[in-house]
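Dropping the structure here:
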């Protein structure tokens with residue numbers, strides 16, 4: 001099983017630097033799996049989206065996710081990032097829904113991990 005995990009953050013770090021760091025962190029555990037980043041539109045604040053091709057139960061996966069989340073929290077403006085589950089298009093409607101705070105540990109539970117079978121787009125807040 002595989003799917004994607006999408007993270008969003010506001011940062012002053014250039015997207016290309018984030019792409020390079022995430023590629024290193026993610027691919028050392030999940031060799032050959034894709035990392036993508038793109039710029040978002042957030043009313044004058046630099047918003048970056050990061051998408052990881054997620055491979056379930058890959059050796060080193062949990063450590064890599066923790067490193068990715070720690071890195072993103074360390075470069076975010078407000079020490080918080082958003083995690084999107086089961087959504088390939090980040091809509092304004094989804095952003096307007098109430099948030100549930102989760103921890104990085106929650107990403108390894110069935111309720112929050114990416115899932116091919118899950119079909120309800122959700123957005124969560126992770127704070128450092």
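Residue numbers (my numbering): 1 to 128.
Every residue gets a Cβ at the ideal spot worked out from N, C-alpha and C, and that includes glycine.
Please state whether the Cβ-Cβ distance between residue i and residue j is less than 8 Å.
i, j, result
"residue 126", "residue 75", "no"
"residue 39", "residue 66", "no"
"residue 107", "residue 48", "no"
Could you say which of the options lies nearest to residue i if we only look at CA atoms?
i, options, result
"residue 36", "58, 6, 30", "6"
"residue 53", "111, 25, 105", "25"
"residue 11", "29, 112, 85, 71", "71"
"residue 110", "85, 64, 51", "85"
"residue 13", "50, 58, 46", "46"
"residue 19", "62, 83, 51", "51"
By the 10 Å Cβ neighbour count, where 16 or more other Cβ atoms means buried, how is residue i classified, buried or exposed?
i, result
"residue 17", "exposed"
"residue 69", "buried"
"residue 99", "exposed"
"residue 41", "exposed"
"residue 22", "buried"
What does DSSP give as the partner residue(s) for residue i in the beta ladder?
i, result
"residue 102", "126"
"residue 65", "Answer by DSSP bridge pairing: none, since residue 65 is not bridged."
"residue 83", "7, 124"
"residue 36", "51"
In the DSSP assignment, the alpha helix (DSSP H) including residue i goes from what residue to what residue?
i, result
"residue 111", "Premise fails: residue 111 is in no alpha helix (DSSP H) and is neither H nor E."
"residue 23", "15-27"
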